[in-house]
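> Could you have a look at this structure, given as structure tokens, before my questions?
Number of protein chains: 2
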Amino acid sequence: MTHQIADRRDIDFVLYEQFRIQEICQYEKYEDFNKKMFDMIISEARKLAIKEILPTFAESDKIGATFDKGKVHVPECFKKPYKLFVEGEWTAMTADPELGGQGLPAMIATAASEYLSGANYAFGLYGFEGHAAGRMIEVFGTKLQKELFLKKMYTGEWGGTMDLTEPGAGSDVGALTTTAVKNDDGTYSITGNKIFITSGEQDLTDNIIHPVLARIEGAPAGTKGISLFIVPKIWVNEDGSLGDDNDIVCTGIEEKMGIHGSATCALTYGSKGKCRGLLLGEENKGMKVMFQMMNDARLMVAAIGLNCAAASYGHSLGYARERFQGRALENALDQNAPQVNIIKHPDVRRMLLWMKAHVEAMRSMIYYGISLVEKEELATDEKDRAYHKGLLDFLTPILKAYCTDRGVEVCSEGLQVFGGYGYTKDFPVEQLLRDARIAPIYEGTNGIQAMDLLARKLGMKKGQVFMDLAGEITKTINQAREVPALGEMANNLESSLNRLTEVAQHIGLTAMSEKFKIAFAHACPFLDVMGDVVAAWMLLWRASIAVGPLAKLTKEKTGADLAAFLEKNKHAAFYQGQLTTAQYFIQSILPVTNGKMDAIKAMDSAVVDMPELSFGT
Amino acid sequence: MTHQIADRRDIDFVLYEQFRIQEICQYEKYEDFNKKMFDMIISEARKLAIKEILPTFAESDKIGATFDKGKVHVPECFKKPYKLFVEGEWTAMTADPELGGQGLPAMIATAASEYLSGANYAFGLYGFEGHAAGRMIEVFGTKLQKELFLKKMYTGEWGGTMDLTEPGAGSDVGALTTTAVKNDDGTYSITGNKIFITSGEQDLTDNIIHPVLARIEGAPAGTKGISLFIVPKIWVNEDGSLGDDNDIVCTGIEEKMGIHGSATCALTYGSKGKCRGLLLGEENKGMKVMFQMMNDARLMVAAIGLNCAAASYGHSLGYARERFQGRALENALDQNAPQVNIIKHPDVRRMLLWMKAHVEAMRSMIYYGISLVEKEELATDEKDRAYHKGLLDFLTPILKAYCTDRGVEVCSEGLQVFGGYGYTKDFPVEQLLRDARIAPIYEGTNGIQAMDLLARKLGMKKGQVFMDLAGEITKTINQAREVPALGEMANNLESSLNRLTEVAQHIGLTAMSEKFKIAFAHACPFLDVMGDVVAAWMLLWRASIAVGPLAKLTKEKTGADLAAFLEKNKHAAFYQGQLTTAQYFIQSILPVTNGKMDAIKAMDSAVVDMPELSFGT
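Structure follows, in structure tokens:
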């Protein structure tokens, strides 16, 4: 069986048919690109991923990153692909070419990274974090800071990290205790400990640039007293030359359930009193800077959910086609009937269609989020910009939590398709599940995302942003209703959207009442139903695009003729698949979503009422 | 933090208050027992589990069973606890003392094994399989077979296995190719290969008795031509002495996602033409014999789901109480407010209550299933026996699939409570999730269970068994309705039960119509809603028992007085917890179940209609 990552046909559909990314070339910023170039770039990424990164998948899991006397060794098999990754300029695809990037639209970069990261995201984490960390310097850094760091980070010559978490300050970032003291030369002496620092130490790059959150002596408590510092592993002199070792010690790496190839480091800054950092942005405004990165990172983590799920689906589908087991249901009692491939069994088809529906919905959701990033940036008037920014801010926690939760569930279902074999290391599906399981925790646990949605996002502009989103969904519903094949689906989604609007108002009001704790006890289910409705929207949107080309391809064919054609013509099969997938989700999943909404509307108080001692003694 | 297995208080509640197992001592069979003895036995099991088995949990995962030139070495740390396990006569607790058992009621054995198996079920698999395999010999064996094997197996001196699966015959057992040829001396020569044989080879016992499914030359195709053979690793002479090595070669063990301590073996029988077996039961009736074991085994696997979930809940609860992070929601904006333990956060409470509700529902479901085993056996008239057997047969696939699916989900939620720490090997929750993940596959995948429910069980006695179950549920509803605090819950469960009855009729009829494939595409969701309703029933049953003692304990207390009392008095807190947990499940989960039922009733055909090519190219 060939190794699977993402389905290129589906990516192309989302890029060119759903979001029509080729039209972005009308903007001056992208005038040097065209569809053919986009295709070529994605193909290059796919080639590198399949040829060089995918072969590291199982091996890096087996070997893992290793720690020895303060040094971290990444799996040896990462070295060559990392070199090729850097040479191919994949580190910062959307960055300005003058800074080492490719100047690509974000959505094309997302498609490329479906392969580059999807092949082994434990590897991808090393590859892309230089860009993520650099983005903060690009937006908030001084001219000198940009000159010193950006190009090195965007080209992948130096690595990057994000250093937030401390043993006592995880979800509660404001509780951190790392301190910064201003020196006479304008630098700050940094002292403290951080944990869970992805790529915090590694032997792939000559230097590592750590954005470190710390509290300047005397600053206010909580998040309002946090500043952000650029803390290089090796000091960088003002002329760009490398100086001394900057007194950052890696004290260990975590043994984890998955992503063994990714080094998760504990770092100590300034144990000899010699760790220096440069203030990035203003004093005490570190969280603002960090949020820039975190919002990008949340979309990236959503994509981890998608990538693992897409790979698991690809493998499961391949297995279901190749594995012969059991007889067709119509021959169940005929002991001499031949075995069929398991994709013939209704329950296996159900698992596959459930996986496919979620993979494709997640793909569209994430690309939609990325399209908002782009639209915000390209907007020429403030109103337009604010509109897209509002939608993006609103959707970010939903994308992060929904796609990572469903990503894990899809990977678990993928394992189930394989039966006993899925539990063994002979197939990649068990590793995909283990690798995916961190994503609901990374970059703000999904519980934190749900609180963000309820406490901050739902009330944005007095609820107008939610209504804007509902308006966008309604556009698709109205369009779909014009098509007879989609009418019932459109009506069902509309009915769920109306319920969702009621639920949103109800939970929003409750969150501002004395019963606010009860509202927050329903925050996660609320995010979940938001995600389901957005997923259904995306699938209906896809179906409404597919009807046109499908009708053209299948013209005049009916009955057995049509059925045979759909098993032969892959274009027609793809479009038919879009309709049937939407039908499955809207008719078999959305009723469950409606039930979840009923549960939220009931706003039961048991979770809050439960005496603490009643949980167990 | 102390290691957690199952909550003894809850086990006692289920044993003595919900199912009143002490009353079983009125039967002659159990007249030598009393509640005090039961308590002592469970305490002994718990002691052995905590002192000797629990310490092997992480180590056996790290080391794993190893394979070297046909030999399997179990983790060294298993050796001492296995010896103590055998000495304590834990192998076959329910078996006749004359055969090496303790003659215990099945429910007490279940409680003991919540500890013995719950502490590390990779260990428990070695411990209990001698009994499981021996049961078939006890029921179907000849006098000589019983004499030769039973006592050795029930005392744990010899191990046992069950050898069904072949590379091309997993879910489709009938496709097996292992052959048996009758010899002149009445034995059969066995030739073939099996895979996924738990404990198929190990170095804990002097001999291993393999029940092997094979086809006698010339037997019919499929399951109707399968016979079962007793195939010892070392031949056992008719005088009980050990003979020659029986030509069974272990060719390898699986590398798995979890339960690394349990050896999952590939076995080759008769590669030198010298493997002999004894026919167990009649020729071509092997499946009937094996089903005896499989039904027991399915309950045992359901318990794996429960055990892993219970441990994960215990750990998560402990962590949520000890871990300080974030401020109380009412102080969210006060940067100087102290950190609180995370059990104060509504979303963490939601996760914990979700876990608790499922753990306790699963416990009651499984113990109820076990009570039916016992009632079937103790029944004095045929009608009574058939009634309980019917309920047990009906519930077996539900228990197996529901408890293993939910078991995995509870373990995943437990990991989430720990945040980033949960993903590391510093805490046992990630291993519990990995260990639990095989259970939805073991002993018939959950998809197979759902087919069993729909194709065989739902129609038993023309649906009467389902109606009997509904009648049992209704008894609890009627009882609960008498209690004001439970009235609304009772009504809601009744409404869900009525829906379920409609859904059952609808799917049952569809399964017998030309649309049968569509029905089977909804078989898993149907099993799932059956499980939810049974879970809600169990929790309402628990609550209806708890109201009495709670009222006594809290007499005349109200408001803040009552609240303070419930945080101090652990008995009152426990009973209050039963009410609040039932409330949570019925008000916040059952509406989702209702939505799932709507989806089933809609009987959408997308899963069946989907062209095969539309799944992807």
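Protein chains in written order, with the working numbering: chain A, 3 to 619; chain B, 3 to 619.
Glycine included, every Cβ here is placed at the ideal spot set by N, Cα and C.
1. Using a cut-off of 8 Å between C-beta atoms, extract the partners of R11 (chain B) located in chain A.
2. Per DSSP, what kind of secondary structure is E168 (chain A) in: helix, strand or coil?
3. Pull up the CB-CB distance for A311 (chain B) and V419 (chain B), whole angstroms please, since I reckon it's below 8 Å.
4. So, with DSSP's three-state summary, where would you put P234 (chain B)?
5. Three or more beta-carbon pairs under 8 Å between the region 113–126 of chain B and the region 244–258 of chain B, yes or no?
6. Can you give me the Cβ contacts of M3 (chain B) inside the same chain, cut-off strictly under 8 Å, excluding the 5 residues immediately before and after it?
7. Quick check: what's the CA-CA separation for F21 (chain A) versus E362 (chain A)?
8. With H, G and I counted as helix, E and B as strand and the rest as coil, what does DSSP make of L178 (chain B)?
9. Please name the residues in the region 603–614 of chain B whose beta-carbon is closer than 7 Å to at least one beta-carbon of chain A, in chain order.
10. Can you give me the C-alpha to C-alpha distance between H75 (chain B) and A8 (chain B), rounded to a whole angstrom?
11. Just the C-alpha distance for F87 (chain B) and L118 (chain B), rounded to the nearest angstrom, thanks.
12. With C-beta atoms as the reference, is E156 (chain A) less than 8 Å away from A94 (chain A)?
13. Is S607 (chain B) helix, strand or coil by DSSP?
14. I want to verify the contact list: residues of chain B whose CB lies under 7 Å from the CB of Y425 (chain A), in sequence order.
15. Name the chain A residues that come within less than 8 Å of N338 (chain B), Cβ to Cβ?
16. Measure from the C-beta of M364 (chain A) to each C-beta in chain B and report whether the shortest distance is under 8 Å.
17. How far does the beta strand (DSSP E) with G446 (chain A) in it extend, from its first residue to its last?
18. Just the C-alpha distance for M138 (chain A) and Q6 (chain B), rounded to the nearest angstrom, thanks.
19. Quick one: using the 10 Å Cβ neighbour count with 16 as the cut-off for buried, is N448 (chain A) buried or exposed?
20. Tell me whether L511 (chain A) is buried or exposed, calling it buried when 16 or more other Cβ atoms sit within 10 Å of its Cβ.
21. Going along the chain, which unbroken runs of the alpha helix (DSSP H) with 4 or more residues stay wholly within the region 534–574 of chain B?
22. Under 8 Å Cβ-Cβ, which residues of chain A neighbour L183 (chain B)?
23. Taking beta-carbon pairs under 7 Å, can you tell me which members of the region 526–547 of chain A lie near chain B?
24. Among A:M612, A:A521 and A:E445, whose alpha-carbon lies nearest the alpha-carbon of K603 (chain A)?
25. Buried or exposed, going by whether 16 or more other CB atoms sit within 10 Å of the CB of R217 (chain A)?
26. Which of the three DSSP states is assigned to Y29 (chain B) in this structure?
27. Counting only beta-carbon atoms, is A519 (chain B) nearer than 8 Å to chain A?
28. Starting from G307 (chain B), trace the alpha helix (DSSP H) in both directions and tell me its first and last residue.
29. What does a CB cutoff of less than 6 Å around A359 (chain B) pick up in its chain, not counting 5 residues either side in sequence?
30. In whole angstroms, what is the alpha-carbon distance linking D298 (chain A) and G307 (chain A)?
31. Tell me the rounded alpha-carbon separation between L127 (chain A) and E445 (chain A).
32. Whole angstroms is fine: what's the gap from V342 (chain B)'s alpha carbon to F198 (chain B)'s?
33. How long is the line joining the alpha carbons of Y315 (chain A) and A438 (chain A), rounded to whole angstroms?
34. Please classify S201 (chain A): is it buried, with 16 or more other beta-carbons within 10 angstroms of its beta-carbon, or exposed?
35. Name the chain B residues whose beta carbon is nearer than 9 Å to that of Q20 (chain A)?
36. At a CB-CB cut-off below 7 Å, which residues of chain B make contact with P593 (chain A)?
Once the coordinates are examined:
1. By Cβ distance, chain A contributes G618 and T619.
2. Three-state result, E168 (chain A): strand.
3. The beta-carbon distance between A311 (chain B) and V419 (chain B), rounded to whole angstroms, is 13 Å. This is too long to meet the 8 Å contact definition.
4. In the structure shown, P234 (chain B) sits in a strand (DSSP, three-state: E or B).
5. No contact exists between the region 113–126 of chain B and the region 244–258 of chain B.
6. Summary for M3 (chain B): the model assigns pLDDT 41, below 50, so the residue's position carries little reliability; its value from the coordinates is reported in the next sentence. Excluding positions up to five away in sequence, the list reads H317, G320, Y321 and E324.
7. In this structure, the alpha-carbon of F21 (chain A) lies about 14 Å from that of E362 (chain A).
8. In the three-state reduction of the DSSP assignment, L178 (chain B) falls in the coil class.
9. Flagged, chain order: A604, D606, A608, V609, V610, D611, M612, P613 and E614.
10. Computed Cα separation, rounded: 29 Å.
11. Going from the Cα of F87 (chain B) to the Cα of L118 (chain B) covers about 9 Å.
12. Checking the sequence shown, residue 156 (chain A) turns out to be Tyr, not Glu. Yes. Within cutoff.
13. Under the three-state reduction of DSSP, S607 (chain B) is assigned to coil, being neither helix nor strand.
14. Neighbours of Y425 (chain A) on chain B, chain order: K258, M259, R439, I440 and I443.
15. Simply A223 and G224.
16. Answer no: the Cβ-Cβ gap between M364 (chain A) and chain B never drops below 8 Å.
17. According to the DSSP assignment, G446 (chain A) belongs to no beta strand (DSSP E), since it is labelled neither H nor E.
18. Roughly 44 Å between the two C-alpha positions.
19. Buried.
20. Result: exposed.
21. Within the region 534–574 of chain B, the runs of alpha helix (DSSP H) that reach at least 4 residues and sit entirely inside it are, in chain order, 561–568.
22. Residue 183 (chain B) is actually Val in this sequence, not Leu. Near V183 (chain B) there are no residues of chain A at all, since even the closest Cβ is about 21 Å away, more than 8 Å.
23. Per Cβ criterion, the list reads C526.
24. Per the Cα distances, A:A521.
25. Label assigned to R217 (chain A): buried.
26. Y29 (chain B): coil per DSSP, three-state reduction.
27. It should be pointed out that residue 519 (chain B) corresponds to Lys in this sequence rather than to Ala. For K519 (chain B), the nearest beta carbon of chain A is closer than 8 Å to its own beta carbon.
28. G307 (chain B) -> alpha helix (DSSP H) spans G288 to E324.
29. Same-chain partners within the cutoff: T583, Y586 and F587.
30. Rounded to whole angstroms, the gap between the alpha carbons of D298 (chain A) and G307 (chain A) is 15 Å.
31. Rounded to whole angstroms, L127 (chain A) to E445 (chain A) spans 13 Å at the Cα level.
32. Taking the straight line joining both Cα atoms gives about 47 Å.
33. In this model, Y315 (chain A) and A438 (chain A) are separated by some 13 Å (Cα to Cα).
34. With 16 or more other CB atoms across the displayed protein chains lying within 10 angstroms of its CB, S201 (chain A) is buried.
35. Neighbours of Q20 (chain A) across chain B, judged by C-beta separation under 9 Å, do not exist; the nearest C-beta is about 17 Å away.
36. Per Cβ cutoff of 7 Å: G597, D600, A601 and A604.
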